[in-house]
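As structure tokens, the structure follows; a few thoughts come after it.
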Amino acid sequence: MENLQKINAGNHSETTNKGCVSTEEESIIINPQFDDGLNNWSGRGCKIALHDSMGEGKILPKTGKVFASATERTQSWNGIQQEITGRVQRKLAYEVTAVVRIFGNNITTSDVRATLYVQAPDFREQYIGIANVQATDKDWVQMQGKFLLNGSPSKVVVYLEGPPPGADILVNTLVIKHADKTPPSTPPDCEGAAFGVNIIENSNLANGTNGWFPLGNCTLSVGTGSPRIIPPMARDSLGPHESLSGRHILVTNRTQTWMGPAQMITEKLKLFLTYQVSAWVRIGSRSTGPQNVNVALSVDNQWVNGGQVEVADDRWHEIGGSFRIEKQPSKVMVYIQGPASGLDLMVAGLQIFAVDRHARFKYLRRQTDKIRKREIILKFSGLDSIGNLGTLVRVKQVQNDFPIGSCISRSNIDNEDFVDFFVKHFNWAVFGNELKWYWTEPQQGNLNYKDADEMLDLCQKNKIDTRGHCIFWDVDGTVQQWIKSLNKNDLMTAVQNRLNGLLTRYIGKFKHYDVNNEMLHGTFYQDRLGKDIRANMFKIAHQLDPSATLFVNDYHVEDGCDTRSSPEKYIQHVLDLQEQGAPVGGIGIQGHIDSPVGPIVCSALDKMGTLGIPIWFTELDVSSTNEYVRADDLEVMLREALAHPAIDGVMLWGFWELFMSRENSHLVNAEGELNEAGKRYLALKQEWLSHSHGYVDEQGQFSFRGFSGTYNVEVVTLAKKVTKTFVVDKGDSSLVVSIDL
1 MENLQKINAG NHSETTNKGC VSTEEESIII NPQFDDGLNN WSGRGCKIAL
51 HDSMGEGKIL PKTGKVFASA TERTQSWNGI QQEITGRVQR KLAYEVTAVV
101 RIFGNNITTS DVRATLYVQA PDFREQYIGI ANVQATDKDW VQMQGKFLLN
151 GSPSKVVVYL EGPPPGADIL VNTLVIKHAD KTPPSTPPDC EGAAFGVNII
201 ENSNLANGTN GWFPLGNCTL SVGTGSPRII PPMARDSLGP HESLSGRHIL
251 VTNRTQTWMG PAQMITEKLK LFLTYQVSAW VRIGSRSTGP QNVNVALSVD
301 NQWVNGGQVE VADDRWHEIG GSFRIEKQPS KVMVYIQGPA SGLDLMVAGL
351 QIFAVDRHAR FKYLRRQTDK IRKREIILKF SGLDSIGNLG TLVRVKQVQN
401 DFPIGSCISR SNIDNEDFVD FFVKHFNWAV FGNELKWYWT EPQQGNLNYK
451 DADEMLDLCQ KNKIDTRGHC IFWDVDGTVQ QWIKSLNKND LMTAVQNRLN
501 GLLTRYIGKF KHYDVNNEML HGTFYQDRLG KDIRANMFKI AHQLDPSATL
551 FVNDYHVEDG CDTRSSPEKY IQHVLDLQEQ GAPVGGIGIQ GHIDSPVGPI
601 VCSALDKMGT LGIPIWFTEL DVSSTNEYVR ADDLEVMLRE ALAHPAIDGV
651 MLWGFWELFM SRENSHLVNA EGELNEAGKR YLALKQEWLS HSHGYVDEQG
701 QFSFRGFSGT YNVEVVTLAK KVTKTFVVDK GDSSLVVSID L
């Protein structure tokens, strides 16, 4: 679920003619509307031309009198370009806007991309995707995007690319200007939000199937004998509640997987509220294998996932999930679907209710205190016994050593503002792409460890621990072409070389490795090398670097929305690996989550915790267009993590705008301002520091409960004031710290 190279490693050569430099701040592109013909523009591997019309007069400029085309293209990267070296400054956010379409070669629709070619003084090259749009041959479309340069480049070129060879790229205007600041969000209006109230009509089926309708030509009737208890995840959110009715909807004559019971709920939803979904589901006994059941929402005909469960027996199963709507829809329908055609479906006690997510925080705070703090006794020596009682002690924690880290990229570390924030507020790091095999060996034998070396160097200088992500990645689409083309023996050799090369180079440097990423969502290596390869990757990695903890790592484990990676499947996956002798030392739950609800996340952690192996959130990011809602999402996840005894660390998948893999998930805006989510993160970091003050007792001691980490203590007697530093390690028992004054 991570970003596959945001920066595409290009393989085409560069010419080095210097473009002319404009002194005008605002117009970074010279001749943006081609009023001055094709001046300042050139073809990138192709020809460019100027037109007042094309296609027998059918294609006219949208604005102005002319447009340009990139023509005779033989590669998808061919297009029209302009060098903008010296006209863009580092650490400033820019917005690109272009009006484009495509023409020719019978291609009716294609991706058109704006890309930045950036060359550093040390000749390092980067290709940064800055905007893209689905263009057609029917009409002009506008594309928009933002970018920021971290370093000081020696050359910058912007160009359009994307369509297959033979199609022309047409461009009417292309403008780059300093981006406007994003206006801050206002907190969403939750006035009159009926938290915990079910919006489903006739959920208990007291009035037959009133309020419900069959989606498709299936048949709905009411049955009895379903559970009277509320499914556990909903019960944890709702607190004291009425029991269910024991009645359920029976759906028969299903001839398509999407057929099932449905209701319109358009009028009942409030924007920006987080809704929890809960029901019991069961399928008819004619099933010939595991079946997926899904509570789905159709939001203006877009599918939104309300939760999924796999059913492989005759029992009732809990289904749970969550969703949120952030744009006003004109039509929202909820329906239950999934099992194969011909199978009957039963649904009991469907509830959809808004969750007051802050209500659980009080409990989570108490729970965090219980599991993350320990009793600390400071034992002072060197006090004169008479003066003990008037001795004042002030204890201030300066650092909590619970691991909270972030993903970083090579280009980020050229930006000193990014680095400042990172080293101040995180104590672990993971590299977004730079350790992945497609980055370290894009072509066979062509090794690139330079980026990872420089990033590791920064982390070591700042005493930041690092996770190695990842040795292999089992999802087909992430595997380089040269690996795919190897025969079985050569692939086996390549795998062995990858393990040897990476782990011997960095022995003892990475505390964790994600050995084979996302094995629940891909089987590339297993399909080609057999079932044993997975366990063998772990075994060999352990032999090469016994000091590293070896992790499995996967996504949608914690949110109830993907049956391939349910906690049950993930547990079985770990047990299978262990049975084959794989030294699995850690469980990675990525945490790319939408609209998180505490009890759903906690339920997954409780199940995963039964393995007794440390769990980390390895790639946490949350997303909302509203910063206050995003802050709530983040707070839910961080509080659930710190309150759960099985969780040993949390990694955020980035924090800086334009350097995230998801839209609307950053904590810091592109030019360095903290947004509401960032402020919430820092407030939580403050809350997780322990402070205490009081007087030394008759035994010359002072006790308090505190988090593990580094402390300063100030001791004030009548005669003197002494400041000392002490460290509290993680542990359950009380700790005596001797301090000599």
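Note that UniProt numbering has the sequence shown beginning at 1, numbered continuously upward.
C-beta: ideal position from N, C-alpha, C; glycine also.
Using only the alpha-carbon positions, how far apart do E619 and A646 sit? Indexing the sequence shown from 1 puts residue 619 at position 619. Indexing the sequence shown from 1 puts residue 646 at position 646. Rounded to the nearest angstrom, the two C-alpha atoms are 17 Å apart.
Looking at E518: is its Cβ nearer than 8 Å to the Cβ of V574? As a working note, residue 518 is residue 518 in the sequence shown. As a working note, residue 574 is residue 574 in the sequence shown. With contacts defined as CB atoms closer than 8 Å, E518 and V574 fail to qualify as a contacting pair.
Can you tell me where the beta strand (DSSP E) with Q263 in it begins and where it stops? Here residue 263 corresponds to residue number 263 of the sequence shown, with the count starting at 1. Residues G260 to M264.
When you compare only the Cα positions, how much space is there between L149 and L92? Position 149 of the sequence shown, counting from 1, holds the residue named residue 149. Position 92 of the sequence shown, counting from 1, holds the residue named residue 92. Looking at the backbone, the Cα of L149 and that of L92 are separated by about 7 Å.
By Cβ distance below 6 Å, which residues in the same chain neighbour N40 in space, the five residues on each side in sequence not counted? If you number the sequence shown from 1, residue 40 lands on position 40. The answer, listed in chain order, is I30, N31 and Q82.
Secondary structure at E657, three-state DSSP: helix, strand or coil? Counted from its first residue, the sequence shown places residue 657 at position 657. The answer is coil: DSSP assigns E657 none of H, G, I, E or B.
Candidates A296, S330 and G260: closest to K270 by CA position: For the purposes of this step, residue 270 is taken as the residue at position 270 of the sequence shown. Out of A296, S330 and G260, S330 has the C-alpha closest to the C-alpha of K270.
Whether D562 touches Q308 by CB criterion (8 Å): For the purposes of this step, residue 562 is taken as the residue at position 562 of the sequence shown. For the purposes of this step, residue 308 is taken as the residue at position 308 of the sequence shown. Q308 is positioned such that its CB atom lies closer than 8 Å to that of D562.
Assigned exposure category for W212 - 16 Cβ within 10 Å defines buried: Counting from 1 along the sequence shown, the entry for residue 212 is found at position 212. When all chains shown are included, W212 counts as buried.
Is there contact between the stretch 535 to 549 and the stretch 566 to 583, where contact requires at least three CB pairs shorter than 8 Å? Under the Cβ criterion (8 Å, minimum of three pairs), the stretch 535 to 549 counts as touching the stretch 566 to 583.
Let's see if you can read the secondary structure: which residues bound the beta strand (DSSP E) around W437? The count along the sequence shown starts at 1 and reaches residue 437 at position 437. Unbroken run through W437 is the alpha helix (DSSP H), W437 to T440; no beta strand (DSSP E).
Residue ranges of each alpha helix (DSSP H) within the stretch 467 to 542, 4 or longer: Uninterrupted alpha helix (DSSP H) stretches at least 4 residues long and entirely within the stretch 467 to 542 occur at 481 to 484, 488 to 505 and 524 to 529, given in chain order.
Contacting residues, own chain, Cβ-Cβ under 7 Å from F659 (five flanking each side not counted): Within the sequence shown, residue 659 is the residue found at index 659, counting from 1. Within the same chain, F659 has close Cβ partners S409 and N412.
CB of S708 within 8 Å of CB of K379, strictly: Residue 708 sits at position 708 when you count from the first residue of the sequence shown. Residue 379 sits at position 379 when you count from the first residue of the sequence shown. No.
DSSP on F272, reduced to helix/strand/coil? Residue 272 sits at position 272 when you count from the first residue of the sequence shown. DSSP places F272 in the coil class of the three-state scheme, outside both helix and strand.
For A312, report the span of its alpha helix (DSSP H) as first-last. Sequence index remark: in the sequence shown, residue 312 carries index 312 (1-based). Run containing A312: none; DSSP gives neither H nor E here.
Buried or exposed for I352, please, with buried defined as at least 16 other CB atoms from any protein chain shown within 10 angstroms of its CB. Stepping through the sequence shown from its first residue, residue 352 is reached at position 352. In this structure I352 is buried. Its beta-carbon is surrounded by 16 or more other beta-carbon atoms within 10 angstroms.
Does DSSP classify C407 as helix, strand or coil? For this step, residue 407 is matched to residue 407 along the sequence shown. Residue state, collapsed to three classes: strand.
The beta strand (DSSP E) that contains Y449, what's its start and end? What you label residue 449 is simply residue 449 of the sequence shown in a count that begins at 1. Per DSSP, Y449 lies in no beta strand (DSSP E) and is assigned neither H nor E.
Under the assumption that L503 contacts A541 (Cβ atoms under 8 Å), give the Cβ distance between them as a whole number of angstroms. Working through the sequence shown from its first residue, we reach residue 503 at position 503. Working through the sequence shown from its first residue, we reach residue 541 at position 541. For L503 against A541, the beta-carbon gap comes to about 6 Å, under 8 Å, which counts as contact.
Report the partner residues of S703 according to the DSSP bridge assignment. Taking the first residue of the sequence shown as 1, we reach residue 703 at position 703. Among the bridge pairs identified by DSSP, S703 is matched with I377.
DSSP state of Q144, grouped into three classes? Here residue 144 refers to the residue found at position 144 of the sequence shown. Three-state result, Q144: strand.
From L682, G694 and V716, pick the residue whose C-alpha is nearest to that of F421; which is it? Sequence index remark: in the sequence shown, residue 421 carries index 421 (1-based). When only C-alpha atoms are compared, the closest one is L682.
Identify every run of the beta strand (DSSP E) within the stretch 44 to 114, keeping only runs that are complete inside it and at least 3 residues long; order them along the chain. With a minimum length of 3 residues, the unbroken runs of beta strand (DSSP E) contained wholly in the stretch 44 to 114 fall at 47 to 51, 67 to 71, 79 to 83 and 93 to 103.
Same chain, Cβ closer than 6 Å to L205, neighbours up to 5 away in sequence not counted: Position 205 of the sequence shown, counted from the first residue, corresponds to residue 205. Here L205 has V222 and R247 as same chain residues with Cβ atoms under 6 Å from its own Cβ, once five neighbours each way along the sequence are excluded.
Same chain only: Cβ atoms within 7 Å of K58, ignoring 5 sequence neighbours per side: The residue labelled residue 58 in the question sits at position 58 within the sequence shown. Non-local C-beta neighbours of K58 in its own chain, meaning closer than 7 Å and more than five positions away in sequence, are absent.
Stretch pair the stretch 69 to 77 + the stretch 156 to 176: three plus CB contacts closer than 8 Å: Short answer: they touch.
From this set, L520, R498, Y127 and M455, which residue's C-alpha is nearest Q444's C-alpha? Residue 444 sits at position 444 when you count from the first residue of the sequence shown. Ranking L520, R498, Y127 and M455 by Cα distance to Q444 puts R498 first.
What residue does the beta strand (DSSP E) around D740 start on, and which one ends it? Here residue 740 refers to the residue found at position 740 of the sequence shown. L735 to D740 is the extent of the beta strand (DSSP E) around D740.
I need the straight-line Cα distance from E558 to F426, nearest angstrom please. Here residue 558 is taken as the residue at index 558 of the sequence shown, counted from 1. Here residue 426 is taken as the residue at index 426 of the sequence shown, counted from 1. Approximately 23 Å between the Cα atoms of the pair.
Close beta carbons around D732, own chain, < 8 Å, minus the five adjacent residues each side: On the sequence shown, residue 732 is found 732 positions in, with the first residue counted as 1. The residues are R374.
State the start and end residues of the unbroken alpha helix (DSSP H) segment that holds A548. Translated into the one-based positions of the sequence shown, residue 548 becomes position 548. Element bounds for A548: n/a, residue is neither H nor E.
Between the alpha carbons of T108 and Q134, how many angstroms are there, rounded? Counted from its first residue, the sequence shown places residue 108 at position 108. Counted from its first residue, the sequence shown places residue 134 at position 134. Straight-line Cα distance between these residues: approximately 10 Å.
Determine the burial state of W303: buried for a count of at least 16 other Cβ atoms within 10 Å of its Cβ, exposed for fewer. Position 303 of the sequence shown, counted from the start, is the residue given in the question as residue 303. Exposed, by the Cβ-count rule.
How many angstroms separate the CA atom of T63 from the CA atom of S624? As a working mapping, residue 63 is identified with position 63 in the sequence shown. As a working mapping, residue 624 is identified with position 624 in the sequence shown. Their Cα atoms are separated by approximately 35 Å.
Around the C-beta of D554, are 16 or more other C-beta atoms found within 10 angstroms, so that it is buried, or is it exposed? Here residue 554 is taken as the residue at index 554 of the sequence shown, counted from 1. With 16 or more other CB atoms across the displayed protein chains lying within 10 angstroms of its CB, D554 is buried.
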